[in-house]
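The structure appears right after this line, and notes come after that.
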Amino acid sequence: MSDFVSHMRNHLSDDRELVFVRDNGETTRLTFAELDRRARAGAVWLTERGMTDHPALLLYPAGLDFTVAFLACLYARVPAIPAPLPETGTSHSGRVRTLLDDAGARMVLTDSAHVTALSDLSACVIDTGSDPDTWTPPVLSADTIAYLQYTSGSTSEPRGVEISHGNLLHNLELFRALSGAEPPRRLAGWLPHYHDMGLVGLQLQALYLGADLVFMSPIAFVARPVRWLQLITRYGADWTVSPDFGYAWCTRRITDEQLAELDLSTLTMALSGAEPIKAATFTDFERRFAPAGFRPTTWNPGYGLAECTLMVTCTPRGQGVTVRSFDPSALERHQAIPDPDGVPLVACGPALGLDLRIVSPENSTPVPDGGIGEIWVSGPSVALGYRGRPEETRATFRAGDGHWLRTGDLGFLLDGRLYVTGRIKDVIIVNGRNLYPQDLEEAAARANLTAGRSAAFGVRRPDGGEHVVLIQEVRRGHSGALGETADQVMDAVAREFGIPLSLMLVPRGAVRQTTSGKLRRRHMRELFLGGGLTPLHTELEPAVNTLLATVP
Numbered sequence: 001m002s003d004f005v006s007h008m009r010n011h012l013s014d015d016r017e018l019v020f021v022r023d024n025g026e027t028t029r030l031t032f033a034e035l036d037r038r039a040r041a042g043a044v045w046l047t048e049r050g051m052t053d054h055p056a057l058l059l060y061p062a063g064l065d066f067t068v069a070f071l072a073c074l075y076a077r078v079p080a081i082p083a084p085l086p087e088t089g090t091s092h093s094g095r096v097r098t099l100l101d102d103a104g105a106r107m108v109l110t111d112s113a114h115v116t117a118l119s120d121l122s123a124c125v126i127d128t129g130s131d132p133d134t135w136t137p138p139v140l141s142a143d144t145i146a147y148l149q150y151t152s153g154s155t156s157e158p159r160g161v162e163i164s165h166g167n168l169l170h171n172l173e174l175f176r177a178l179s180g181a182e183p184p185r186r187l188a189g190w191l192p193h194y195h196d197m198g199l200v201g202l203q204l205q206a207l208y209l210g211a212d213l214v215f216m217s218p219i220a221f222v223a224r225p226v227r228w229l230q231l232i233t234r235y236g237a238d239w240t241v242s243p244d245f246g247y248a249w250c251t252r253r254i255t256d257e258q259l260a261e262l263d264l265s266t267l268t269m270a271l272s273g274a275e276p277i278k279a280a281t282f283t284d285f286e287r288r289f290a291p292a293g294f295r296p297t298t299w300n301p302g303y304g305l306a307e308c309t310l311m312v313t314c315t316p317r318g319q320g321v322t323v324r325s326f327d328p329s330a331l332e333r334h335q336a337i338p339d340p341d342g343v344p345l346v347a348c349g350p351a352l353g354l355d356l357r358i359v360s361p362e363n364s365t366p367v368p369d370g371g372i373g374e375i376w377v378s379g380p381s382v383a384l385g386y387r388g389r390p391e392e393t394r395a396t397f398r399a400g401d402g403h404w405l406r407t408g409d410l411g412f413l414l415d416g417r418l419y420v421t422g423r424i425k426d427v428i429i430v431n432g433r434n435l436y437p438q439d440l441e442e443a444a445a446r447a448n449l450t451a452g453r454s455a456a457f458g459v460r461r462p463d464g465g466e467h468v469v470l471i472q473e474v475r476r477g478h479s480g481a482l483g484e485t486a487d488q489v490m491d492a493v494a495r496e497f498g499i500p501l502s503l504m505l506v507p508r509g510a511v512r513q514t515t516s517g518k519l520r521r522r523h524m525r526e527l528f529l530g531g532g533l534t535p536l537h538t539e540l541e542p543a544v545n546t547l548l549a550t551v552p
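Per UniProt numbering: the sequence shown = residues 1 to 552.
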């Protein structure tokens, strides 16, 4: 089949359902059959308003209303644009209007609780009261745009990735293949629906497989992470997905009393994606939740990006985690040489159903196994391109012989598995050495376990060289404690990497990240250079102070 709508409607049943669990524990439910009925009715309403082939911006809180609206758009051949619901009382002139203008969206859809607050956007509530039996299936093909997935936009304006029905079906089939002969029966999670991992890896994957889905809001998860594992326990879920941050958050925040009431023995697949995937996160989670029945073979680390719908590589069911250590000095030379005492890296699995190539960033020639280069991908999951951006589409999606996606990520292949080492634009070059910011950040974390997130980036000194800056979150405290923390972090980084370092200590929550847990390093660099951070303590090299003084 060439489109998601036809495939999904093969699973219509009153036996399969979507369950949304509210913050207070109350649930709302929709069977697949009722979801289909409402989606067909909504599609009739959209078609009557001439929305066919015209994008609609979807601004919804977590819940089933979004799922109905998203499917209604698919059923009406209306490219949907999932996006975060603006905070109450905030101006809508920023990201929301950027998305509207960039995509050429003609309609803003939301739920009844937010339609008044979004009146300045002429938002409306989709009407599902039409007769669903008057719906006529639209003509769809593998190249028909299903939806627009907007990238996080760390520093540049966000770009809309055009995902076709063919892209979506192929990527969902890759997910299904991970589970082998026994597809998942029930999925559980908390990821936002406007993020590719939450949309494809949870909601659409459940509909594709005909599996139950039970989910909650990301805000509820962050406030009380035990709620996620309680969903798995209560509903006996066998599949979940999260960035590395989610598993680490549970390990740090769930108490012994909460742990005693959990049962994770039904889980057979726990996907972990979004950089960086840390070996320590897996080890700590396993140790903490083994008493609740969690098994190491449950892990499925993977790698993906919106430009490839979602998944590029992933470890199949039952294989667990592969962690290998590599010589740090060789990594700086873009070579991966195994060293048992070196830097541990997590294998993100093989490419299943896609072609993978590692090329030199300088001349785009393939490098041998163990050589670090840019990750290129080719295959049916690779999206059509960036909406309204032909030059960027050619540069990113038409590399090599015209069939390769340039991911902008660095990595290497070894024994058929992909290892991701970082982003090309994030690499810091100091005196000819290639330093990966996540290595600096992890060294800082080891120096002070009570500190929060950190972000490392390079700034250009007046003499033309690059200098490392680290923004480190800490708890507020007196100047003596902050000075001691600064010394610990700077000594640890200098000892491990032999480089000078400028450090700024900031309050918890000041280091920005995307919805998938990726650090927004380039955005932090902009804030640092533009004076947009409120420091609690600074230790800056004189050259950096000079640089800041010259920035307007």
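Where a beta carbon is used, it is the ideal one built from N, C-alpha and C, also for glycine.
Residue nearest to residue i in terms of C-alpha spacing, selected from the options
i	options	result
ASP284	ALA274, TRP299, GLY273	TRP299
GLN472	ALA306, GLU442, LEU310	GLU442
PHE245	GLY160, ALA290, VAL96, PHE282	PHE282
ILE163	ARG495, SER141, GLY25, VAL222	SER141
ALA105	THR116, GLY498, ALA543, ALA123	ALA123
ALA177	LEU209, ASP439, GLU539	LEU209
GLU257	LEU271, ALA248, THR268, ALA292	ALA292
LEU71	ARG224, MET8, GLU374	MET8
ALA306	TYR150, TYR419, GLU182, ARG227	TYR150
PHE289	VAL323, TRP249, THR534, CYS314	TRP249
ASP65	MET269, ASN24, ALA113, LEU259	ALA113
ASP120	LEU519, PRO158, GLU286, LEU109	LEU109
PRO338	LEU414, ASP133, ASP143	LEU414
LEU148	ARG40, LEU384, LEU440	LEU384
residue 554	LEU536, SER179, ALA455, HIS537	In this structure the chain extends from 1 to 552, so residue 554 is not present and cannot be described.
GLU484	LEU46, LEU57, LEU536	LEU536
ARG287	VAL226, ARG252, THR268	ARG252
Own chain residues within Cβ distance below 8 Å of residue i, not counting five before or after
i	result
ALA399	SER364, TRP376, LEU405, ARG406
HIS170	THR309, GLY353, GLY379, PRO380, SER381
PRO137	VAL5, SER6, TYR75
ALA494	PRO500, LEU501
GLY180	PRO316, ARG317, GLY318
Contacts around residue i, its chain only, beta-carbon distance under 6 Å, and the 5 residues preceding and following it disregarded
i	result
THR31	ASP14, GLU17
GLY198	LEU191, PRO192
GLY236	THR266
PRO542	none
ARG433	GLU332
VAL19	THR27, ARG29, VAL214
SER154	Interpretation of SER154 is limited by its pLDDT of 41, a score under 50 that renders its predicted location unreliable; no figure is taken from the coordinates.
Cβ pair residue i, residue j closer than 7 Å
i	j	result
PRO301	ILE277	yes
ALA211	ARG186	yes
ILE428	GLY402	no
ILE232	LEU264	yes
THR297	GLY320	yes
VAL323	VAL346	yes
THR421	GLY408	no
ARG387	GLY50	no
Enclosing beta strand (DSSP E) for residue i [first to last residue]
i	result
THR27	27-31
ARG324	323-326
ASP355	355-359
ALA336	Segment: none, ALA336 is in no beta strand (DSSP E) and carries neither H nor E.
PRO132	Neither: PRO132 is in no beta strand (DSSP E) and is coded neither H nor E.
GLN472	466-474
Per-residue DSSP class, three states only, for residue i
i	result
PRO218	helix
VAL427	coil
TYR247	helix
CYS314	strand
VAL489	helix
GLN232	The question names Gln, yet the displayed sequence has Ile at residue 232. ILE232: helix per DSSP, three-state reduction.
CYS73	helix
residue 559	The structure shown has nothing for residue 559, since the chain only spans 1 to 552.
PHE292	Here residue 292 turns out to be Ala, not Phe, going by the sequence shown. Of the three classes helix, strand and coil, the one that applies to ALA292 here is helix, per DSSP.
ASP120	helix
SER479	Unreliable positioning characterises SER479 in this predicted model, as indicated by a pLDDT of 49, which lies under 50. A coordinate reading is not provided.
ASN434	strand
Residues near residue i in its chain [Cβ-Cβ closer than 7 Å; skip 5 each side]
i	result
HIS478	A caution first: HIS478 carries a pLDDT of 49, below 50, which makes its placement in the model unreliable, though a value can still be read off. Once the five neighbours on either side are set aside, HIS478 has no close Cβ partner at all.
Bounding residues of the alpha helix (DSSP H) (the contiguous stretch that carries residue i)
i	result
PHE282	279-289
SER6	4-8
ARG185	No alpha helix (DSSP H) holds ARG185; DSSP gives it neither H nor E.
ASN167	165-178
ARG461	No alpha helix (DSSP H) contains ARG461, which DSSP labels as neither H nor E.
residue 555	The structure shown has nothing for residue 555, since the chain only spans 1 to 552.
VAL382	Taken as a continuous stretch (DSSP letters only), VAL382 belongs to no alpha helix (DSSP H), as it is neither H nor E.
Check: residue i C-beta below 6 Å from any heavy atom of the ligand PLP
i	result
ALA443	Judged by which ligands are present, the structure shown has none, so any question about the ligand PLP falls away.
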